[in-house]
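Asks: The structure under discussion is supplied below as structure tokens; questions concerning it will follow.
Protein chains: 2
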Amino acid sequence: MLRIVKTTTPTLASHLRVAVARLARQLRHQGASEDATPSQLAALATLYHRVHLTLGELAAIERVKPPTMTRIVAGLEEKGLVRREHSSTDGRLINVVINDDGRTYHEQYQQRRDAWLARKLTDLTKDERETLGRAAEIFDRLVEG
Amino acid sequence: MLRIVKTTTPTLASHLRVAVARLARQLRHQGASEDATPSQLAALATLYHRVHLTLGELAAIERVKPPTMTRIVAGLEEKGLVRREHSSTDGRLINVVINDDGRTYHEQYQQRRDAWLARKLTDLTKDERETLGRAAEIFDRLVEG
DNA sequence: TATTGTTATACTCTATAACTATA
DNA sequence: TATAGTTATAGAGTATAACAATA
Numbered sequence: 001m002l003r004i005v006k007t008t009t010p011t012l013a014s015h016l017r018v019a020v021a022r023l024a025r026q027l028r029h030q031g032a033s034e035d036a037t038p039s040q041l042a043a044l045a046t047l048y049h050r051v052h053l054t055l056g057e058l059a060a061i062e063r064v065k066p067p068t069m070t071r072i073v074a075g076l077e078e079k080g081l082v083r084r085e086h087s088s089t090d091g092r093l094i095n096v097v098i099n100d101d102g103r104t105y106h107e108q109y110q111q112r113r114d115a116w117l118a119r120k121l122t123d124l125t126k127d128e129r130e131t132l133g134r135a136a137e138i139f140d141r142l143v144e145g
Numbered sequence: 001m002l003r004i005v006k007t008t009t010p011t012l013a014s015h016l017r018v019a020v021a022r023l024a025r026q027l028r029h030q031g032a033s034e035d036a037t038p039s040q041l042a043a044l045a046t047l048y049h050r051v052h053l054t055l056g057e058l059a060a061i062e063r064v065k066p067p068t069m070t071r072i073v074a075g076l077e078e079k080g081l082v083r084r085e086h087s088s089t090d091g092r093l094i095n096v097v098i099n100d101d102g103r104t105y106h107e108q109y110q111q112r113r114d115a116w117l118a119r120k121l122t123d124l125t126k127d128e129r130e131t132l133g134r135a136a137e138i139f140d141r142l143v144e145g
């Protein structure tokens with residue numbers, strides 16, 4: 001049986017997509033935490049940058065439904081990384097606030113995730129690192145714009 | 001209350017990690033399929049490049065356990081994208097083979113995923129696209145090495 | 001009456017353990 | 001007996017629907 005195999009060069013879009021997806025998967029794998037779930041880590045990262053948010057706002061940002069965020073926040077509270085506070089102006093609202101342990105946890109998680117990549121980057125030439133720095137800036141604009 | 005806010009420039013590793021993770025998330029979201037699950041699409045992509053594999057081999061490549069792959073393949077078979085064949089030399093083995101519809105489905109899925117990024121790339125300068133091309137090659141080496 | 005969050009319940013995707021069929 | 005795959009069952013993580021509390 002004759003099988004025709006396509007040998008065309010992948011487009012830039014295709015190459016970049018595959019390379020980015022693979023690197024992202026590797027980075028996720030390297031930084032994985034044992035005790036906190038991915039959804040908990042993502043919510044914690046959001047709270048780290050926003051001081052405090054209501055449960056509903058957090059659910060909207062994380063693109064999950066309120067019942068799901070109730071469970072995620074319950075998990076974070078159980079680990080002592082955030083606290084829930086009733087709003088003083090509207091008793092229906094729950095403000096979710098990251099605490100010092102939560103901040104420390106997030107920072108250590110970030111460092112753990114950075115470590116693998118930082119090590120890999122030392123194997124590159126200065127020129128290659130500069131290329132990656134410029135690429136990161138272009139990526140920022142791609143996603144925002 | 002006084003809050004000290006860190007304003008240090010992120011390291012290259014940190015910037016790159018965040019940018020890559022965010023772009024990867026966007027690409028996943030853009031290319032999402034309505035009827036096939038992510039695991040099914042991943043398995044189909046593997047089968048597209050390998051002609052045929054046993055169920056166990058496929059499970060190992062996709063990093064899932066055999067019972068999970070049984071379900072994933074059942075879903076693909078139900079959609080008419082692959083077929084299961086008993087090996088002629090060892091009746092215990094199940095060869096999973098992608099068919100023409102499966103090939104077409106995978107190609108269309110790839111194109112859908114590439115489309116958003118390809119469109120974004122046209123907004124860049126030639127120089128910026130060259131930078132991204134070099135970055136993709138560096139990424140390939142980072143993950144392999 | 002409308003809105004925020006919680007509880008009850010169900011679905012999807014995964015795993016481990018027990019089972020069937022083939023070597 | 002050992003191995004490949006399937007079936008049974010259970011555990012995350014998510015959603016929708018029904019509910020309680022507050023506005």
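Residue numbers (our numbering), protein chains in the order written: chain A, 1 to 145; chain B, 1 to 145. The C-beta atom is built at its ideal place from N, Cα and C for all residues, glycine as well. Since we're looking at a predicted model, the values are computed, not measured.
If the cut is a Cβ gap below 9 Å, which residues of chain A does residue 126 of chain B touch?
Replies: None at all; the shortest Cβ gap to chain A is about 11 Å.
Asks: Which residue wins for smallest C-alpha separation from residue 127 of chain B, given the options A/47, A/20, A/76 and A/138?
Replies: For residue 127 of chain B, the nearest C-alpha among the options comes from A/138.
Asks: Against residue 26 of chain A, what residues of chain B qualify as contacts under a CB-to-CB distance less than 9 Å, listed in chain order?
Replies: Chain B residues near residue 26 of chain A: 142 and 143.
Asks: Can you find the residues in the same chain that come closer than 7 Å, C-beta to C-beta, to residue 97 of chain B, ignoring five residues on each side of it along the sequence?
Replies: The residues are 52, 82, 83 and 85.
Asks: Taking C-beta pairs closer than 7 Å, name the residues in chain B that residue 120 of chain A reaches, listed in chain order.
Replies: By Cβ distance, chain B contributes 142.
Asks: Sort A/131, A/140, A/119 and A/134 by Cα distance to residue 145 of chain B and report the nearest one.
Replies: Considering only alpha carbons, the answer is A/119.
Asks: Whose Cβ in chain A lies nearer than 8 Å to the Cβ of residue 138 of chain B?
Replies: The answer, in chain order, is 124, 128, 131 and 132.
Asks: Please state whether DSSP places residue 83 of chain B in a helix, a strand or coil.
Replies: Strand at residue 83 of chain B.
Asks: Distance check for residue 109 of chain B and residue 130 of chain A, CA to CA, integer angstroms please.
Replies: One C-alpha to the other measures close to 33 Å.
Asks: Checking the sheet assignment: what are the DSSP bridge partners for residue 96 of chain B?
Replies: Residue 96 of chain B pairs with B/53 and B/84.
Asks: Could you tell me whether the Cβ of residue 4 of chain A comes closer than 8 Å to any Cβ of chain B?
Replies: Because the pLDDT at residue 4 of chain A is just 46, under 50, the model does not fix this residue reliably, and the point stays unresolved.
Asks: Check residue 137 of chain B in the structure and name its three-state DSSP category.
Replies: Helix.
Asks: Could you tell me whether the stretch 61-79 of chain A touches the stretch 18-27 of chain A, where touching means 3 or more Cβ pairs closer than 8 Å?
Replies: Output reads no: the stretch 18-27 of chain A does not touch the stretch 61-79 of chain A.
Asks: Using CA atoms only, rank isn't needed, just tell me which of B/16, B/29, B/68 and B/15 is closest to residue 115 of chain B.
Replies: With distances taken between Cα atoms, residue 115 of chain B lies closest to B/29.
Asks: Specify the secondary structure class of residue 3 of chain A as computed by DSSP and reduced to three states.
Replies: Reliability fails at residue 3 of chain A, whose pLDDT of 49 lies under 50, so the model's placement of it is uncertain and the value that follows must be treated cautiously. Residue 3 of chain A falls in the coil class under three-state DSSP.
Asks: Alpha carbons only, please: which of B/94, B/12, B/10 and B/27 is nearest the one belonging to residue 14 of chain A?
Replies: Looking at the Cα atoms, B/27 is the closest of the given residues.
Asks: Mind checking whether residue 135 of chain A and residue 132 of chain B have CB atoms under 8 Å apart?
Replies: For residue 135 of chain A and residue 132 of chain B, yes; Cβs fall inside 8 Å.
Asks: Measure the CB-CB distance between residue 55 of chain B and residue 70 of chain B and report whether it falls below 8 Å.
Replies: Yes, they are a contact pair.
Asks: Just the Cα atoms here: how many angstroms apart are residue 38 of chain B and residue 17 of chain B?
Replies: Going from the Cα of residue 38 of chain B to the Cα of residue 17 of chain B covers about 23 Å.
Asks: Under 9 Å between beta-carbons, which chain A residues line up against residue 112 of chain B? List them in chain order, please.
Replies: Result: empty, since nearest Cβ-Cβ is about 11 Å, beyond 9 Å.
Asks: For residue 46 of chain A, go through chain B and note every residue whose CB falls closer than 8 Å to its CB, in chain order.
Replies: None at all; the shortest Cβ gap to chain B is about 13 Å.
Asks: Taking the beta carbon of residue 111 of chain B as the centre, do at least 16 other beta carbons fall within 10 Å, making it buried, or is it exposed?
Replies: So residue 111 of chain B counts as exposed.
Asks: Using a C-beta to C-beta distance shorter than 7 Å, which residues of chain B count as neighbours of residue 13 of chain A?
Replies: Ordered by position in chain B, the residues that pass the 7 Å Cβ test against residue 13 of chain A are 114, 117, 118 and 121.
Asks: By Cβ distance below 7 Å, which residues in the same chain neighbour residue 121 of chain A in space, the five residues on each side in sequence not counted?
Replies: Only 129 meet the Cβ criterion.
Asks: Taking buried to mean at least 16 other C-beta atoms within 10 Å of its own C-beta, is residue 113 of chain B buried or exposed?
Replies: It counts as buried.
Asks: Applying the criterion that 16 or more other CB atoms from any shown protein chain within 10 Å of the CB defines a buried residue, is residue 106 of chain B buried or exposed?
Replies: Buried.
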